[in-house]
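Take a look at the structure below.
Shown next as structure tokens:
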């Protein structure tokens, strides 16, 4: 398996995880199969779509439709195999895979935006975070759920740290780009996994209301 | 009346229907005239705007401002003539016209995206559906209403069938494009009209919670 | 100080005011510092981002990142110095500065869109209003708050008047462009300030439900 193939399959796995956690997030609300697939696709590709629209480059899923098929397929599987994939042990594994996916999409987005020389150094970090969280925000808004921005959940802060560090590496040590990708995806995933595993939340002094 | 004139006037009628159903959807919430016009315009042109932004072509209402004027005018008429247009028999007719409008906008969007060769064959179908439902979703989100994605209403499924069929025709029998437009708009409208007329909903086994 | 410097600093002050009023709007909901900064940035630059995406020009904050830094900095200051900046006298001043900012951003947007010759004369007015209110709408939707479109608050109507008047000036008396900018920003600000000062609201006959 070449590096770019490995990359492709990691992207596919992350896409599936995004879609499956989306189904888990909305399924208790009486959504039908059509809605489930819409939410799965939006969650999986929504953030990257906002990124590409802001960058004014062709949206990635029009270039490679595998992302749409994978998101739709994973949503349908999660719909019919619901209690298995959206509850219990398998779902816990999905949460970690979702955290990996967010890290993976965010760091690759920083890399993509940096290569385009778009609004360095701030825009790559912002668009990296949007890529990872934009789809989930759209899903929550369309489903009438409170967005994670209103919770103390440590979801985006790991992404902020990792994207900023990776932008720093691209700016000052671009020869370490590849190690930077691996290390920053790992850092973001590790922080998110720790937050899931030990229920870490934002400390109270960083909350607006205590 | 030439074909392109007929097309233009069908688009105008559909635009008016979208605006009027929007006014009916939000008027009980104490919105003022400014808000009514904003909701009418967003509902009528929002979906096509998302489509054009994703396609990275000039938005259609900047090319031909009639859509904005028609949406604003219809909203104002529906605001002042409210009990007439947004209730009873006339409103029932508006619901059918709205269903026709959704079908008309969706199929024409598939046609537009296909001509641009953008992400064939999946993107035309997705953008066709977005064109028809995007404005209504934006309206519901901005008005704090549950979106139809959270209901069992058969609104988008007819569009999905008709857009997919039309994409199939464009791919394998492009010489029947014109018949395909007429037939697929008709199919989508017929399914939607049946759903309105007989209160059809998604069967229970396609719901995530029963 | 040259004119363009004065313009830059007025834009910075308006950006800060947008971010600070955003913090005031969401801080009672238990948002953490990350969320506060996200809401501040979205409120400050969201509207202009939608405008630039629709115009298909590079987004302004990728060209000049000061807007991002100012919004993030003002949000952080408002977070830690909260009771000072988001309550009482200072906050009242912020509301007026917010009204000035909305007027300033809207009229400059009309000017920018008109220069590009985009969809004259309707699109400049629409995009002017979107520039001023789009970020606040995104904030309210993401925070689960009712948008001001659902209230009788006189927020956008002053912008509509001023943007329309300025478009009229650009169309029929373009030699008065500069006076038009000053006058229309002033008009919009004056109407909004009057609405804040005397609690003006939409008259009942312009409400959909009385």
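Chains as they are written, first to last, in the numbering used here: chain L, 2 to 211; chain Y, 2 to 211; chain S, 2 to 211. Where is the CB? At the ideal position from N, CA and C, for every residue including glycine. None of the values given here were measured: they were computed from a predicted structure.
### Query
What residue from L:17, L:45, L:32, L:27 has the CA that sits closest to residue 155 (chain Y)'s CA?
In the second chain, counting from the first residue as 1, residue 155 (chain Y) sits at position 154. Cα-wise, what sits closest to residue 155 (chain Y) is L:32.
### Message
Less than 8 Å between CB atoms is the rule here; does residue 80 (chain L) satisfy it with respect to chain Y?
### Response
Against the first chain, residue 80 (chain L) aligns to sequence position 79. So, interface residue.
### Query
If you run the structure through DSSP and keep just helix, strand and coil, what is residue 117 (chain Y)?
Numbered from 1 along the second chain, position 116 holds the residue referred to as residue 117 (chain Y). Residue 117 (chain Y): coil per DSSP, three-state reduction.
### Task
Spatial neighbours of residue 135 (chain Y) within its chain, please: CB distance less than 7 Å, with the 5 preceding and 5 following residues excluded, ordered by chain position.
Residue 135 (chain Y) sits at position 134 when you count from the first residue of the second chain. Cβ within range, chain order: 47, 48, 51.
### Task
Note down, in chain order, every chain Y residue with its Cβ under 8 Å from the Cβ of residue 54 (chain S).
Your numbering for residue 54 (chain S) matches position 53 in the third chain. Close partners of residue 54 (chain S) in chain Y (Cβ separation under 8 Å): 54.
### Message
Can you confirm whether residue 33 (chain L), when its beta carbon is compared against all beta carbons of chain Y, has any partner nearer than 8 Å?
### Response
Working through the first chain from its first residue, we reach residue 33 (chain L) at position 32. For residue 33 (chain L), the answer is yes, since a Cβ of chain Y falls inside 8 Å of its Cβ.
### Query
Would you call the stretch 4-20 of chain S and the stretch 32-46 of chain S touching, i.e. three or more CB-CB distances under 8 Å?
yes
### Task
Return the Cβ separation of residue 182 (chain L) and residue 108 (chain L) in integer angstroms, given the expectation that the two are a contact with Cβ distance under 8 Å.
Taking the first residue of the first chain as 1, we reach residue 182 (chain L) at position 181. Taking the first residue of the first chain as 1, we reach residue 108 (chain L) at position 107. Contact flag correct, Cβ pair sits at about 6 Å.
### Query
When the Cα atoms are used, what is the spatial distance from residue 76 (chain S) to residue 189 (chain L)?
Sequence index remark: in the third chain, residue 76 (chain S) carries index 75 (1-based). Sequence index remark: in the first chain, residue 189 (chain L) carries index 188 (1-based). Rounded to whole angstroms, residue 76 (chain S) to residue 189 (chain L) spans 24 Å at the Cα level.
### Task
Can you tell me which of the three DSSP states residue 201 (chain L) falls into?
Start at 1 with the first residue of the first chain, and residue 201 (chain L) comes out as number 200. Residue 201 (chain L) falls in the coil class under three-state DSSP.
#### Entry: Three-way DSSP call (helix, strand, coil) for residue 155 (chain S) in this model
The residue given as residue 155 (chain S) occupies position 154 in the third chain. In the three-state reduction of the DSSP assignment, residue 155 (chain S) falls in the coil class, being assigned neither a helical nor a strand state.
### Query
Mind listing which residues of the stretch 142-158 of chain Y have their C-beta closer than 7 Å to chain L's C-betas, in chain order?
Within the stretch 142-158 of chain Y, contact with chain L at the beta-carbon level (separation under 7 Å) is assigned to 142, 147, 148, 150, 151, 153, 157, 158.
### Contact with chain Y by residue 63 (chain L), beta-carbon distance below 8 Å
One-based indexing of the first chain puts residue 63 (chain L) at position 62. It does: the Cβ of residue 63 (chain L) has a partner Cβ on chain Y nearer than 8 Å.
### Message
Can you give me the C-alpha to C-alpha distance between residue 129 (chain Y) and residue 106 (chain Y), rounded to a whole angstrom?
### Response
On the second chain, residue 129 (chain Y) is found 128 positions in, with the first residue counted as 1. On the second chain, residue 106 (chain Y) is found 105 positions in, with the first residue counted as 1. For residue 129 (chain Y) and residue 106 (chain Y), the distance between alpha carbons rounds to 7 Å.
### Message
Could you compute how far the alpha carbon of residue 164 (chain L) sits from the alpha carbon of residue 195 (chain S)?
### Response
Translated into positions along the first chain, residue 164 (chain L) becomes position 163. Translated into positions along the third chain, residue 195 (chain S) becomes position 194. Each residue's Cα considered, the two are about 45 Å apart.
#### Entry: Contact the stretch 115-125 of chain S vs the stretch 58-74 of chain Y: 3+ CB pairs below 8 Å
yes
### Message
Please state the DSSP three-state secondary structure of residue 65 (chain S).
### Response
Here residue 65 (chain S) is taken as the residue at index 64 of the third chain, counted from 1. In the structure shown, residue 65 (chain S) adopts coil according to DSSP, grouped into three states.
### Query
What is the rounded straight-line gap between the Cα of residue 209 (chain L) and the Cα of residue 201 (chain L)?
By 1-based counting over the first chain, the position of residue 209 (chain L) is 208. By 1-based counting over the first chain, the position of residue 201 (chain L) is 200. If I take the Cα positions, the gap works out to 18 Å.
### Query
Would a check of beta-carbon distances place residue 57 (chain S) closer than 8 Å to chain Y?
For this step, residue 57 (chain S) is matched to residue 56 along the third chain. Judged by the 8 Å Cβ criterion, residue 57 (chain S) is in contact with chain Y.
### Query
From what residue to what residue does the alpha helix (DSSP H) around residue 19 (chain Y) run?
For the purposes of this step, residue 19 (chain Y) is taken as residue 18 along the second chain, with counting starting at 1. Segment 4-27, the alpha helix (DSSP H) holding residue 19 (chain Y).
### Task
Note down, in chain order, every chain Y residue with its Cβ under 9 Å from the Cβ of residue 114 (chain L).
Along the first chain, one-based indexing puts residue 114 (chain L) at 113. Correct list: empty, because the minimum Cβ distance to chain Y is about 17 Å.
### Task
Consider the Cβ of residue 24 (chain S): report whether some Cβ of chain Y lies at a distance smaller than 8 Å.
In the third chain, residue 24 (chain S) corresponds to position 23, counting from 1. Nearest CB-CB separation between residue 24 (chain S) and chain Y: not below the 8 Å threshold.
### Message
Taking a contact to mean a Cβ-Cβ separation below 8 Å, would you say residue 19 (chain L) touches residue 27 (chain L) in this structure?
### Response
Taking the first chain and counting its residues from 1, the one referred to as residue 19 (chain L) is at position 18. Taking the first chain and counting its residues from 1, the one referred to as residue 27 (chain L) is at position 26. Taking the C-beta atoms as reference points, residue 27 (chain L) is found no nearer than 8 Å to residue 19 (chain L).
### Query
Considering only the beta carbon of each residue, do residue 205 (chain L) and residue 103 (chain L) sit closer than 8 Å?
Translated into the one-based positions of the first chain, residue 205 (chain L) becomes position 204. Translated into the one-based positions of the first chain, residue 103 (chain L) becomes position 102. No.
### Task
Compare the Cα-Cα distances from residue 57 (chain Y) to each of Y:2, Y:96, Y:21, Y:113 and report the closest residue.
Numbered from 1 along the second chain, position 56 holds the residue referred to as residue 57 (chain Y). Checking every option, the nearest Cα to that of residue 57 (chain Y) belongs to Y:113.
### Message
For a minimum of 4 consecutive residues, which ranges assigned as the alpha helix (DSSP H) are wholly contained in the stretch 64-109 of chain L?
### Response
67-81, 83-86
#### Entry: N- and C-terminal bounds of the alpha helix (DSSP H) containing residue 144 (chain Y)
Your numbering for residue 144 (chain Y) matches position 143 in the second chain. Here the alpha helix (DSSP H) through residue 144 (chain Y) covers 123-144.
### Query
Along chain Y, in chain order, which residues have C-beta atoms closer than 8 Å to that of residue 50 (chain L)?
Residue mapping note: residue 50 (chain L) aligns to position 49 of the first chain, counting from 1. Under the 8 Å cutoff, chain Y gives 55.
### Message
Can you pull out the residues from the stretch 157-179 of chain Y whose beta carbon lies closer than 9 Å to at least one beta carbon of chain L?
### Response
157, 158, 161
### Task
Use the C-beta contact count for residue 159 (chain Y): other C-beta atoms within 10 angstroms, 16 or more gives buried, fewer gives exposed.
On the second chain, residue 159 (chain Y) is found 158 positions in, with the first residue counted as 1. Residue 159 (chain Y) comes out buried.
#### Entry: Opening and closing residue of the alpha helix (DSSP H) in which residue 44 (chain S) lies
To locate residue 44 (chain S), count along the third chain from 1; it is residue 43. Its alpha helix (DSSP H) spans residues 34-56.
### Query
Is it the case that the Cβ atoms of residue 138 (chain L) and residue 143 (chain S) are separated by a distance below 8 Å?
As a first step, residue 138 (chain L) must be located in the first chain, where it is residue number 137. As a first step, residue 143 (chain S) must be located in the third chain, where it is residue number 142. Yes, the pair counts as a contact, with Cβ atoms nearer than the cut-off.
### Message
Buried or exposed for residue 150 (chain Y), going by 16 or more other Cβ atoms inside 10 Å?
### Response
Within the second chain, residue 150 (chain Y) is the residue found at index 149, counting from 1. Residue 150 (chain Y) comes out buried.
### Query
What does a CB cutoff of less than 6 Å around residue 68 (chain S) pick up in its chain, not counting 5 residues either side in sequence?
Position 67 of the third chain, counting from 1, holds the residue named residue 68 (chain S). Excluding positions up to five away in sequence, the list reads 16, 46, 62.
### Task
Please classify residue 10 (chain Y): is it buried, with 16 or more other beta-carbons within 10 angstroms of its beta-carbon, or exposed?
The residue labelled residue 10 (chain Y) in the question sits at position 9 within the second chain. So residue 10 (chain Y) ends up on the exposed side.
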